[in-house]
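Numbering-wise, the sequence shown is residues 1 to 926 according to the UniProt record's numbering.
For every residue, glycine included, the Cβ atom is placed at its ideal position computed from N, Cα and C.
Because the structure is a prediction, the values reported are computed rather than measured.
Data first, discussion second: the structure below is written as structure tokens.
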Amino acid sequence: MSLAIILEPALQWSGALRRKLGANGTFEQWLISAIEQPVTPVLIHAWFDELRPGVGDTALAPPEIRRVLRQLRERVFFTAMVRDINGSAGLHEVVTAMSALADLAVAEAYKSIAGSLAEVHGVPLDPHTGRPQELLILGMGKLGGEELNVSSDIDLIMLYGEEGETNGRRKLSHHEFYGRVTQRMMPVLSELDADGQVFRTDLRLRPDGDSGPLAWSLDALENYLVTQGREWERYAWLKSRVIPCKAFPDSDPTGQLEQLESLRTPFVYRKYFDFDALAALRGLRERIRQDWQRRALARTGVDTIHNIKLGDGGIREIEFIVQLNQLIRGGRMPSLQQRSLLSALHAQKDAGVISSEVADTLEAAYCFLRRVEHRLQYREDEQTHLLPRDEDQRVGLARSMGMTLSDFDTRLSDHRAFVEQNFRNAFRLAGMGGDDDNGDDTSPTHAEAPCSNLADHIRLHLGTQAPAICQRVDALMDSHRIRSLPATSRKRVESLLPSIISIAGQTKQAQETTIRLLTLVENIAQRSAYLALLAEYPDTLARVARIVSASPWASDYLSRYPLLLDSLIEWHSLLEPPDFQQIAKQLHSELDACTLPDGQPDIEQQMNLMRDLQHQITFQLLAQDLEGVVTVEHLADRLSALADTLLAETIHRVWPLVQGRKSRKNLTPPRFAIIAYGKLGGKEIGYASDLDLVFLYDDPGDDEAGEIYAKLGRRMSSWLSTMTSSGRLYEIDLRLRPDGDAGLLAVSVEAFAEYQTKHAWAWEHQAITRARFVAGDPEIGERFDRIRQEVMLLPRDPQSFKAEVRGMREKIIAGHPNPGPNFDVKHDRGGMVDVEFITQYLVLCHARQHPVLLENLGNITLLRLAAEAGLISDDLARLAGDAYREFRKSQHALRLQGAEKARVPPDTLIKERDCVQELWNTVIGD
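And the structure:
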């Protein structure tokens with residue numbers, strides 16, 4: 001291929017390239033050689049070293065750095081252009097190259113200016129460490145996301161750590177020093193001269209915009225973000241990234257970087273989504289829609305069709321869709337905290353926030369529009385987003401994309417139509433309320449206006465119950481929590497009261513429901529976001545009323561964990577069965593994303609995130625339970641699956657902590673397993689069940705294994721049961737391990753087998769019938785299963801074992817006395833424990849002859865299998881199984897009503913108790 005042919009496609013399209021080659025004949029030969037390899041950050045730095053005078057890392061004087069950076073920018077721009085138009089470079093290469101160029105240019109300009117200023121005034125020093133203090137330069141927007149276009153402005157914010165002064169003879173305050181550095185950097189980057197310019201630079205995203213100081217201290221930034229930060233600034237700060245810059249050899253900005261990130265993250269990503277912010281975000285969307293119109297005023301005839309960035313279905317709309325999801329969900333889903341748009345879109349697809357089909361089509365549209373954007377800017381090296389109107393130019397644009405004009409127009413139209421529709425439905429896509437097809441938000445149905453006389457309203461809806469409710473309302477409004485609220489929040493509480501009364505009055509237990517709703521409002525009143533949610537989304541308030549009306553336990557759960565209110569917006573999703581495989585995958589991804597600025601795991605955030613997830617899935621199952629779409633058995637299976645998932649992830653998170661920071665790289669998985677006993681072992685746990693666990697290990701090659709795995713067990717127990725700001729995961733009981741509280745916290749597989757087969761008590765053999773491997777090393781799990789079967793197959797004298805079982809049953813009764821007339825469905829004679837003991841006896845005495853009984857299949861199934869083996873009658877097995885099912889239902893219903901003990905009136909469940917007692921007498925006897 002001749003040299004001319006290599007450059008021909010780009011020369012046909014770009015006047016900027018034609019002028020460059022016409023003015024500098026040697027550049028053509030350089031360019032033909034350069035386009036053979038990708039434009040990478042490493043290559044850009046190599047070009048910089050070629051262009052700069054001298055060697056080494058010494059800062060260049062401002063006139064020299066101006067010239068070198070402009071020449072470097074030409075190399076990057078034209079090489080990326082030819083490779084792109086020739087089809088050799090993808091979008092990622094182009095935007096990464098331009099972003100790397102910007103990083104290098106900012107860093108070198110800063111080093112040059114700060115160094116020259118320090119020669120006169122001295123170096124700014126950190127007042128705490130005495131070391132040089134650097135300027136923190138933030139790249140915003142596409143520079144922050146490392147996705148600059150080829151003729152882009154760069155948005156910067158200049159920050160510094162502490163106030164103080166320089167150490168020279170002509171001292172400057174830090175405020176003055178960094179302000180001068182910023183002021184003098186701008187011409188180095190932006191000023192147009194004979195060599196062109198590097199990047200147009202914009203500082204208006206800094207706090208207070210053009211009216212604010214050029215450089216801000218971190219303390220001043222914190223005060224600004226807390227007191228004045230607005231929603232559009234959250235949107236702007238989402239992509240902010242510190243550009244690696246260093247002017248002083250001995251500086252260490254680690255502390256300042258950590259402080260900055262501690263300000264940025266909670267400002268952008270809020271754990272509790274602020275529903276007050278929805279109106280601001282909707283307004284921001286309207287500003288984005290109208291932005292092109294304001295820009296168009298300066299260009300006669302520009303319309304939405306021709307502006308591929310600001311027009312309908314343009315790049316800005318894709319950015320809003322993706323970043324809206326980040327703002328809404330990123331606080332709870334750290335994996336969404338991505339600066340790059342495509343990385344964020346991929347994370348949202350992986351998390352199920354956006355469907356794969358929508359995400360893939362948005363990505364295709366984004367890449368297409370960005371490629372078109374670059375073609376438009378290659379033409380004259382100017383920042384434009386306007387499609388040409390001239391027919392010949394449109395044909396040339398399509399040809400530069402490798403397409404005919406007809407195909408180009410069709411592709412462009414299809415992409416923009418899809419983007420526009422999803423932009424109009426952005427809040428629905430994000431799960432935060434619907435939009436209509438005209439693009440105007442369908443505002444949530446507003447709550448009733450406050451009654452002129454609330455007492456009349458209460459009498460109207462609650463009748464004879466009104467006096468008690470009026471007293472409760474008065475107590476609410478006079479409580480310290482409400483009186484201490486800002487006036488706007490108090491008014492919001494007052495405006496909610498009529499709706500609460502109306503909705504509660506429609507429930508079966510109107511008075512109880514009203515009181516529970518008022519208690520909930522009192523508990524969440526300090527978080528105005530949730531008052532806003534209930535006020536702006538009456539459907540959500542109605543769902544809350546249904547839930548608290550059905551169960552005081554559920555009402556208390558909502559009051560303790562108000563973040564669960566958010567999930568009530570997406571009611572249909574809430575009623576879908578949890579996909580635990582996807583939940584485990586996403587949880588792992590979220591926890592991986594919980595890191596500190598130094599890259600170490602943020603343990604507190606990880607622990608809270610796991611607790612929040614547990615509460616969310618539990619509440620999802622609770623909603624399904626109260627709606628009657630799951631049985632007690634299915635509910636217990638799913639709660640058990642949730643516990644299994646969290647236990648497995650806990651091992652993964654705690655094991656590196658046990659090994660210590662130096663040993664965390666390339667860790668081999670622990671030879672460790674968790675065995676669940678009791679309710680979790682039998683997959684029968686409830687909403688607030690403890691977990692009975694035993695920790696096993698098998699690591700014969702390590703003499704210190706016992707100590708290491710005991711430490712792992714302790715850290716796991718702490719991780720699971722410690723109370724954090726998000727609550728605790730589970731109460732943990734480890735007393736079922738060999739020798740109980742006196743035994744080792746983690747037991748070797750060999751020691752466990754030895755104990756179980758030679759030293760364990762009969763009740764421990766009863767317990768192991770319900771035990772199962774739930775998490776950790778699968779090989780240890782298989783060995784446990786073999787030990788469990790070996791224990792269950794041990795020869796036993798049926799009469800002696802009956803005596804053991806009877807003795808243990810008496811201890812259970814003595815440990816749970818019931819002096820009243822009501823029947824304790826679990827512990828009293830004829831109750832659940834009797835069924836469990838009967839099943840355990842049948843398994844332990846007859847599994848040798850009937851191996852089908854060895855599996856941990858649950859009491860009802862095992863009774864049926866025992867009947868099929870001829871050990872008990874079919875009728876008794878069926879009736880006892882039905883009774884056990886009814887006992888579980890009664891126990892569950894009582895727990896939901898807040899009962900501490902599962903006791904029912906003496907005239908209930910009589911047939912069930914009688915058949916269990918008959919089975920007991922038949923199998924074990926007294």
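Less than 8 Å between the CB atoms is what I'm expecting for residue i and residue j, so what's the real figure, rounded?
| i | j | result |
| --- | --- | --- |
| Val181 | Ile113 | 5 Å |
| Ala877 | Ala866 | 6 Å |
| Arg728 | Leu657 | That pair is no contact at about 18 Å. |
| Ala676 | Val774 | 5 Å |
Could you work out which residue in the options is closest to residue i when comparing CA atoms only?
| i | options | result |
| --- | --- | --- |
| Leu386 | Ala398, Gly311, Asn422 | Gly311 |
| Ser406 | Leu518, Tyr841, Glu391 | Glu391 |
| Glu627 | His827, His588, Ile547 | Ile547 |
| Gln377 | Asn822, His128, Phe695, Asp84 | Asp84 |
| Ala584 | Asp539, Phe773, Leu647, Asp598 | Leu647 |
| Ile354 | Arg379, Asn325, Met333, Val372 | Asn325 |
| Gln620 | Ala877, Asp579, Glu804, Met158 | Asp579 |
| Gln756 | Asp907, Arg786, Gln509 | Arg786 |
| Gly164 | Val658, His175, Ala398, Gly314 | His175 |
| Ala417 | Arg481, Met185, Gly15, Gly314 | Gly314 |
| Ser479 | Ile458, Gln511, Leu518 | Leu518 |
| Leu263 | Gln338, Ala105, Leu159 | Leu159 |
| Gln605 | Asp637, Ala215, Arg653 | Arg653 |
| Gly56 | Leu72, Arg332, His45 | His45 |
| Arg424 | Leu879, Phe320, Ala359 | Phe320 |
In angstroms with no decimal places, state the Cα-to-Cα distance between residue i and residue j.
| i | j | result |
| --- | --- | --- |
| residue 988 | Arg285 | Only positions 1 to 926 of the chain appear in the structure, and residue 988 is not among them; the question remains open. |
| Pro213 | Val322 | 32 Å |
| Ala673 | Thr595 | 27 Å |
| Ile308 | Gln624 | 46 Å |
| Leu642 | Gly713 | 20 Å |
| His446 | Leu534 | Since pLDDT at His446 reaches only 45, below the 50 mark, its modelled position is unreliable, and no value is offered. |
| Leu736 | Leu680 | 13 Å |
| Asn422 | Gly209 | 31 Å |
| Ile708 | Leu844 | 35 Å |
| Phe368 | Tyr561 | 44 Å |
| Ile603 | Ser589 | 15 Å |
| Ser748 | Gly660 | 22 Å |
| Glu764 | Leu734 | 13 Å |
| Asn24 | Gly179 | 38 Å |
| Arg184 | Leu117 | 10 Å |
| Asp797 | Leu871 | 16 Å |
| Ile305 | Arg316 | 14 Å |
| Trp13 | Gly87 | 14 Å |
| Arg788 | Leu854 | 9 Å |
| Val76 | Arg67 | 15 Å |
| Ile318 | Gln383 | 19 Å |
| Pro207 | Gly139 | 14 Å |
| Gly858 | Arg895 | 21 Å |
Would residue i be called buried (16 or more neighbouring beta carbons within 10 Å of its own) or exposed?
| i | result |
| --- | --- |
| Lys491 | exposed |
| Asn223 | exposed |
| Ile5 | exposed |
| Asp250 | exposed |
| Lys758 | exposed |
| residue 988 | Any property of residue 988 remains undetermined from this structure, which presents the chain solely from 1 to 926. |
| Met607 | buried |
| Met723 | exposed |
| Asn453 | exposed |
| Val226 | exposed |
| Ile910 | exposed |
| Ala688 | exposed |
| Val419 | buried |
| Leu793 | exposed |
Who does residue i pair with in a DSSP beta bridge?
| i | result |
| --- | --- |
| Gly22 | Answer is none; Gly22 lacks a bridge partner. |
| Asn307 | Leu386 |
| Met158 | Ile137, Ala215 |
| Phe695 | Ile674, Ala746 |
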